[in-house]
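The structure appears below as structure tokens.
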Amino acid sequence: MNNEYIYPQNLKEQARLWLWNLRDIAILGIALLISLLALSQLNFFLPLAATLCYGFLTMRFDDMSVKDYIVRAIRFFLTTQQYYEWRMR
Numbered sequence: 038m039n040n041e042y043i044y045p046q047n048l049k050e051q052a053r054l055w056l057w058n059l060r061d062i063a064i065l066g067i068a069l070l071i072s073l074l075a076l077s078q079l080n081f082f083l084p085l086a087a088t089l090c091y092g093f094l095t096m097r098f099d100d101m102s103v104k105d106y107i108v109r110a111i112r113f114f115l116t117t118q119q120y121y122e123w124r125m126r
């Protein structure tokens with residue numbers, strides 16, 4: 038018997054569907070359900086806005102999410118100390 042097995046390129050990589058990890062899709066689905074219930078029953082838009090914001094921030098492009106990019110930018114520009122060394126030539 039000739040069995041052919043097809044494996045992904047990187048077995049340690051997290052499972053992804055479209056632009057999100059599967060964990061993020063599960064969180065988005067549950068949050069969207071709660072948001073739509075809050076919108077229909079209470080006429081409250083804030084959970085829906087927070088869910089859409091989370092969906093945008095967790096999009097992944099080339100193994101980096103928008104949230105990771107923002108965190109790294111804040112860390113580089115605001116929180117970590119920049120070290121410069123001045124010397125004469």
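Residue numbers (the numbering used here): 38 to 126. The beta-carbon is built from N, C-alpha and C at its ideal position, and this holds for glycine as well. The model shown is predicted, which means the values in this text are computed figures rather than measured ones.
request  = Give the DSSP-derived three-state secondary structure of R97 in the structure shown.
outcome  = If DSSP states are grouped into helix, strand and coil, R97 belongs with the strands.
task = Answer yes if the region 111-126 comes into contact with the region 75-94, meaning at least three C-beta pairs across the two stretches below 8 Å, and no otherwise.
result = Fewer than three Cβ pairs drawn from the region 75-94 and the region 111-126 lie within less than 8 Å of each other, which leaves the two stretches out of contact.
query = Leaving out the 5 sequence neighbours to the left and right, which residues in its chain are closer than 7 Å to G92 when beta-carbon positions are compared?
reply = Excluding sequence neighbours, G92 sits near L65.
message = Taking its Cβ as the centre, do 16 or more other Cβ atoms sit within 10 Å of D61, making it buried, or is it exposed?
response = Counting of Cβ neighbours within 10 angstroms places D61 among the buried residues, the total reaching 16 or more.
ask   = So the alpha helix (DSSP H) R109 belongs to, where does it begin and stop?
value = That run of the alpha helix (DSSP H) goes 103-111.
key: Residue from L48, L69, Q51 with nearest C-alpha to L89   = Cα-wise, what sits closest to L89 is L69.
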